[in-house]
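Per this note's numbering, residue 81 is the first one in the sequence shown, and the count goes up by one each step.
Glycine included, each C-beta is placed from N, C-alpha and C at the ideal position.
I have placed the structure first, in the form of structure tokens, so that the comments after it can refer back to it.
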Amino acid sequence: MKSTMQDVPLTVSSILRHVATNHAGRQVITYGGAEPARTTTYGPLEERCGQLANALRRAGVGDDDRVATLLWNNQEHLEAYAAVPAMGAVLHTLNLRLSASQLSFIANHAEDRVIITDSSLVPLLAPVLPGLSTVRVVFVAGGGEVSALEGNGVEIIRYEDALAAESPAFPWAEPDERSAAAICYTSGTTGDPKGVVYSHRSMFLHSMAACTGNALAVEEGDRVLPVVPMFHASAWGLPYAALMAGADLLLPDRFLQAAPLADMIQTHRPTKAGAVPTIWNDLLQFGSSHPDVDLSSISLVACGGAAVPQSLIEGFADRFGVPIIQAWGMTETSPLAAVSRPPAGVAPESDMTYRKRQGRAICGVEMRLTDEAGMPVPRDDRSVGELEVRGPWITGGYYNMDEDSDKFRDGWLRTGDVGHISPDGYLTLTDRTKDVIKSGGEWVSSVELENTIMGHPQVAEAAVIAIPHERWQETALAVVVRTHGSDVTADQLGQWFLENCPAEIPRWWIPKNWAFVDQVPRTSVGKFDKRALRAQHADGDLVVVPN
Ligand code: AMP
């Protein structure tokens, strides 16, 4: 029997039309640092989106053409987020922390036709532009110098001039919901980056899921602060979720350090915010030496992209009175797939047993674990396996790549993450397959070790990697950043770990090798770069202090 329901496509265009029609007065604020913030509302924003779409048409952008952005989290980026898919073209967010060679690989692979950038990023784009074979036009927002881009046979147009020349009216497209809306490349820590192509339908469903109460519960009364970059995995879908809900958006532009973030939060009072743990950790350290810092407007901090240390969740609650909710996902999963809200009715003293986990699947996403032979692993919270996922906003392949048979199994995405799942559905990750430490034939969880070490009051950051061991093949090396002014020693840390060893960590896991550094290297999306750490160690850059 066929249903009687209308078959209206789920599209980004419909999200844009919705917000402009129903929430026209809600605000979009771009923080300006020492300069005043820029504020607009969704009504005028939709008109600017119309002007942008007309300008892109004039620049030759047709259906399916890729329009790249090389931008901070700001109003222009949001305009591109809305206008490009809504006109029927494909938004391609370029990661501004990538090397020149990775940027040109990605832009050429995606065959970008236009790039929208900001004059503050001209020095980054200028050396890359001559090697971009498909780019015809660059729009530059901001008033800074652009001459370094000239002379490459590419038309350089000031963003505001392009918009000023156009009408705000644009007949928004009604594309097939399964067609491409945006493309984002994985951060490529192993091999070349791979393109994940989001559809209108996957974007729509993912945004709707983000707004649900079991996920991030974004609603009109919210003021959403995506600190997580809009150049990576759609900033966890927060911009589209805010558009869908009609919530205010607060965009941090390039001001991502703790001091300006604290100022932005105090001045503009966001209610929900999202970023990787390193950002919140910086803010917590800053807050411990600046008693005036007040983040109390925030009712939910979404944190993920890397394991969230329990000490960070506790520190945020104690210092700021702000709850951190952990989420798990990846570029390939749009990215929100699991969120760790404790189950209904759980006693406050058991809350943390859930919050420190990666989370429970959002409805629409299915999770399973498999062993090395591909056989199912039980959900008993003990048996460890590789996480596989499937769902309407999980990718089924990569753009213009031969089937990557390693990454998919019977329609499921193999995530490369390793962990266990409890009978009530909560995922706990213990490692990435490529980061696991195998000591004497047994798995050692770097994530659990890091989590514990970061609970030491004089540890600002800790990353644990495998180093070769004569007898056990591999053993754990803990690389630690001490808090400002601390001279805590490896012996003291080892002793403290022994005294505070959580029940789930066997004592033989406790690291015997410690190294102290000023900063743990980060990937282009702000996570601990364990590959770089391993390489540094191989080069003898780290001082290993045997316990
Ligand atoms: P990316 O595609 O760059 O966003 O990276 C995705 C990867 O980040 C996942 O496969 C995980 O390894 C890691 N990740 C994301 N969220 C979490 C989390 N809450 N805890 C631990 N690792 C995470």
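Spanning the alpha carbons of F608 and A543 requires a straight line of approximately 7 Å. Less than 8 Å divides the Cβ of I545 from the Cβ of R614. Between A253 and V308, the beta carbon gap of about 28 Å keeps them out of contact (Cβ cut-off 8 Å).
Around E159, the same chain offers R128, C129 and L132 as residues with beta carbons nearer than 6 Å, after the five sequence neighbours per side are excluded. Scanning its chain for C-beta atoms nearer than 6 Å, with the 5 sequence neighbours on each side dropped, one finds no residue around H98. Selection T555, A169 and S377 evaluated against R137 yields A169 as nearest (Cα-Cα). For L336 and D87, the gap between their C-alpha atoms comes out near 42 Å. Secondary structure of V164 (DSSP, three-state): helix. Per DSSP, A542 is one residue of the beta strand (DSSP E) stretching across V539 to H549. Closer than 7 Å to some heavy atom of the ligand AMP: that does not describe the Cβ of V445. By the Cβ-count criterion, T347 is exposed, with fewer than 16 other Cβ atoms from all chains shown falling within 10 Å of its own Cβ. DSSP, read as helix, strand or coil, puts H103 in coil. Distance between L449 and E468, taken at the CA atoms: about 6 Å. Nearest in C-alpha terms to H617, of all of V605, G606, N593 and S604, is N593.
S519 is bridged by DSSP to E522.
In this structure, S199 lies near G223, with their beta-carbon atoms less than 8 Å apart. Under the three-state reduction of DSSP output, Y122 falls in the helix class. Residue pairing from DSSP places W408 in a beta bridge opposite A418.
For M447, the enclosing beta strand (DSSP E) covers residues E446 to T450.
Rounded to whole angstroms, P503 and S414 show a C-alpha spacing of 26 Å. In the same chain as D272, and ignoring 5 residues on each side of it, no C-beta atom comes closer than 6 Å to its own. DSSP links Q553 through a beta bridge to H549. In the structure shown, the three-state DSSP call for C383 is strand. Taking C-alpha positions only, S430 is separated from I405 by approximately 15 Å.
By the neighbour-count criterion, in which 16 or more other beta carbons inside 10 Å mark a residue as buried, K352 falls on the buried side.
The C-beta distance from M324 to C291 rounds to 6 Å, short enough to meet the 8 Å contact threshold. In this structure, DSSP gives L509 an extended state, which the three-state scheme calls strand. Here R177 is not near G140, since their CB atoms are 8 Å or more apart. The beta carbon of L578 is closer than 8 Å to those of R587 and I590 in its chain, skipping five residues each way along the sequence. With a threshold of 7 Å, the Cβ atom of V600 does not count as near the ligand AMP, since no heavy atom of the ligand is closer than that. With fewer than 16 other Cβ atoms inside 10 Å of its own Cβ, P428 counts as exposed. Pairing S377 with R459, the inter-Cα distance amounts to about 38 Å. Remark: the shortest separation between the CB of D486 and any heavy atom of the ligand AMP does not fall under 7 Å. M167 and R106 have their C-alpha atoms spaced approximately 23 Å apart.
The DSSP assignment places complete alpha helix (DSSP H) segments of no fewer than 4 residues inside the region 322-350 at 338-348, in order along the chain.
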